[in-house]
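Chain order of the listed sequences is B and E.
Going by the working numbering, the first sequence opens with residue 1462, and the numbers climb by one from there.
Going by the working numbering, the second sequence opens with residue 143, and the numbers climb by one from there.
Where a beta carbon is used, it is the ideal one built from N, C-alpha and C, also for glycine.
Notes follow once the structure below has been shown.
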Amino acid sequence: MSISVRLPTVLRPHANGEARLDVDGGTVGEIIDGIVRKFPGMATNLLDQDGSLHRFVNVYVNDEDVRYLEKMETAVVDGDELSILPAVAGG
Amino acid sequence: MTVYRGIDELIGETPILDVSQLSPNPNVQILAKLEGNNPAGSVKDRIAKAMIDDAEKKGLLTPGQTIIEPSSGNTGIAMAMIASQRGYPIIVVVPESVSVERRQLLEIFGAEIIFTPGEQGSNGSVRVAQQMAAEHPEWAFLYQYGNDSNPRAHYETTGPEILRDVPDISHFVAGLGTSGTLMGVGSYLKEIKKSIQIWAVEPPAGENVEGLRSLEDGFVPPVFERWGGQDLLDRKMIVRPRESIECTRMLVKEAGLFAGISSGAALAGCRKAAAQIESGVIVFVVCDYGWKYLSTGAWTSDLDSATASTEKIIYF
Chain B
1462 MSISVRLPTV LRPHANGEAR LDVDGGTVGE IIDGIVRKFP GMATNLLDQD
1512 GSLHRFVNVY VNDEDVRYLE KMETAVVDGD ELSILPAVAG G
Chain E
143 MTVYRGIDEL IGETPILDVS QLSPNPNVQI LAKLEGNNPA GSVKDRIAKA
193 MIDDAEKKGL LTPGQTIIEP SSGNTGIAMA MIASQRGYPI IVVVPESVSV
243 ERRQLLEIFG AEIIFTPGEQ GSNGSVRVAQ QMAAEHPEWA FLYQYGNDSN
293 PRAHYETTGP EILRDVPDIS HFVAGLGTSG TLMGVGSYLK EIKKSIQIWA
343 VEPPAGENVE GLRSLEDGFV PPVFERWGGQ DLLDRKMIVR PRESIECTRM
393 LVKEAGLFAG ISSGAALAGC RKAAAQIESG VIVFVVCDYG WKYLSTGAWT
443 SDLDSATAST EKIIYF
């Protein structure tokens, strides 16, 4: 199942400059693994040493933050969109 | 009628407006807490007053001392208003990418403004203010992102006001910036009634922050971590500029409510929640009114160009 992934500006240099990727997988974790397999330079940007999401990275499925869904186990289906965004300040 | 002795006595006790005509579910009420009624025009008046009062009480802020603060606008405006009345010079560090009206308001209240590059977003302003505060230990650095008076102001005022006015609240929705509103109101509401859902909405602010060299430059407010944000929030979602503007326009058209763009984002979150539940009462925060965003054309331009100009500014 191919999921469209939106990358923020800061990560594009690690993905040959692409703003969007199509990655196969049935969960957020599988999609992230797929990205890292294709672009190993992404690993340290996306994941902590224990394999969990980096604290300054937010991942969204259809604009919902997966930390408040099922985290890496959050299921994705055809047509879903996954967005990766750096944590930034507001206020 | 009460006669108030100082502008800061007008902060808080904001009204709630029923805008359920905008609910996609007839069994779900949507209620707007109108924080634009605060004297400097936003919800941030509450935290500005709380942080300054607290620093004065602790002796961290003494007469005539200069205040420095990073802000994407509203906190800086609120602090400048209070500082102007209490005789504190104030320096506000803001991203260049804030709306022109936010800059003007800072000037009106007498703040000295230091701009940081727009492409670094608010993170750049935080970094510069931290550096300057370290170089000038004689200045007062109240630091909204790490100051417990920020969430505490909402825990002590905004939260109790909401529960008093809407005892049957089931959901609370607000924008995520410093996280102060969500942490303070959320903690208060959940202590009283555990079942209340706390939903955060945010703009996709990190998408085009080109000044980030790597994700290591990212930022999670210390307030969010100390108040257990990840356990407190039930949901967190992005609302993109186009949908935020569409909802901001709905508020004007259907309710006569001229709210800021982040309030449109919060309404979008409410509508999403309303569509997913059987029945309930949702309260959301109208953080400010629309005046500061007129220059974006959010109400007057066609949707495409209003979206394009909103994407270039910081409106949370």
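Query                                                                                                                                                             : Result
Counting only C-beta atoms, is PRO1501 (chain B) closer than 8 Å to chain E at any point?                                                                         : no
Out of E:LEU409, E:VAL170 and E:PRO309, state which residue places its alpha-carbon closest to the alpha-carbon of VAL315 (chain E).                              : E:LEU409
The alpha helix (DSSP H) with ARG391 (chain E) in it runs from where to where?                                                                                    : 383-397
Along the beta strand (DSSP E) that carries ALA342 (chain E), what are the first and last residues, could you check?                                              : 339-344
Report the residue from B:TYR1529, B:VAL1549, B:VAL1537 and B:GLY1551 whose alpha carbon sits nearest the alpha carbon of ILE1493 (chain B).                      : B:VAL1537
Taking only the alpha-carbon atoms, compute the straight-line gap between ASP376 (chain E) and GLY206 (chain E) and give it to the nearest angstrom.              : 43 Å
Would you kindly report the start and end of the unbroken alpha helix (DSSP H) that includes LEU116 (chain E)?                                                    : Because chain E here runs from 143 to 458, residue 116 (chain E) falls outside it and cannot be looked at.
Just reading off the beta strand (DSSP E) that ASN1519 (chain B) is part of, what are its end residues?                                                           : 1518-1522
Quick check on the DSSP output: the alpha helix (DSSP H) that includes SER226 (chain E) runs from which residue to which?                                         : 216-228
Measuring straight from C-alpha to C-alpha, what distance separates GLY201 (chain E) and SER291 (chain E)?                                                        : 15 Å
Could you tell me if THR204 (chain E) is buried or exposed, where buried requires 16 or more neighbouring beta carbons within 10 angstroms of its beta carbon?    : exposed
Cβ of ARG1498 (chain B) less than 8 Å from any chain E Cβ?                                                                                                        : no
For GLN207 (chain E), which residues in chain B fall below 8 Å Cβ to Cβ?                                                                                          : The contacting residues do not exist; GLN207 (chain E) stays about 22 Å from chain B at best.
Buried or exposed: LEU445 (chain E), going by 16 or more other Cβ atoms within 10 Å of its Cβ?                                                                    : exposed
Taking 8 Å as the cut-off, decide whether the C-beta atoms of VAL1527 (chain B) and VAL351 (chain E) are in contact.                                              : no
From which residue to which residue does the beta strand (DSSP E) around LYS175 (chain E) run?                                                                    : 170-176
Indicate whether SER241 (chain E) and ILE387 (chain E) have their beta-carbon atoms separated by less than 8 Å.                                                   : no
Relative to chain B, which residues along the region 357-382 of chain E have a C-beta separation below 8 Å, given in chain order?                                 : LEU357, GLU358, ASP359, GLY360, PHE361, VAL362, PRO363, GLN372, LEU375, ASP376, ARG377, LYS378, MET379, ILE380, VAL381 and ARG382
Does GLY322 (chain E) come out as helix, strand or coil in the three-state DSSP assignment?                                                                       : helix
Taking buried to mean at least 16 other C-beta atoms within 10 Å of its own C-beta, is TRP433 (chain E) buried or exposed?                                        : exposed
So, under 8 Å CB-CB, ILE380 (chain E) and SER1544 (chain B) are touching, yes? Tell me the CB distance rounded to an integer number of Å.                         : 7 Å
Whose Cβ in chain E lies nearer than 7 Å to the Cβ of ALA1446 (chain B)?                                                                                          : Nothing about residue 1446 (chain B) can be reported from this structure: the residues present for chain B run from 1462 to 1552 only.
Would you tell me roughly how many angstroms separate the C-alpha atoms of GLY263 (chain E) and MET143 (chain E), rounded to the nearest one?                     : 44 Å
What residues from chain B crowd round LEU318 (chain E), counting only those whose CB sits closer than 8 Å?                                                       : GLY1551
Using the three-state DSSP reduction, which class does HIS313 (chain E) fall into: helix, strand or coil?                                                         : strand
What residues are listed by DSSP as bridge partners for MET379 (chain E)?                                                                                         : B:GLU1525 and E:VAL343
Please tell me whether LYS170 (chain E) and GLY422 (chain E) are closer than 8 Å, where the distance is taken between their beta carbons.                         : The identity of residue 170 (chain E) in the sequence shown is Val, whereas the question assumes Lys. A contact, by the Cβ cut-off of 8 Å.
Any chance you could list the beta strand (DSSP E) runs of at least 3 consecutive residues sitting entirely within the region 408-433 of chain E, in chain order? : 422-428
Relative to the alpha-carbon of LEU173 (chain E), which residue among E:LEU248, E:PHE426 and E:PRO309 has its alpha-carbon at the smallest distance?              : E:PHE426
Identify whether PHE257 (chain E) lies in helix, strand or coil by the three-state DSSP scheme.                                                                   : strand
Please list the residues of the region 415-444 of chain E that have a C-beta atom closer than 8 Å to any C-beta atom in chain B, keeping them in chain order.     : none
Does the Cβ-Cβ distance between THR300 (chain E) and THR320 (chain E) come in under 8 Å?                                                                          : no
Between the region 265-292 of chain E and chain C, which residues of the former have a C-beta closer than 8 Å to a C-beta of the latter?                          : No chain C is part of this structure, whose protein chains are labelled B and E.
Would you identify the three-state DSSP class for SER1554 (chain B), choosing helix, strand or coil?                                                              : There is no way to answer for residue 1554 (chain B), as the model of chain B reaches only from 1462 to 1552.
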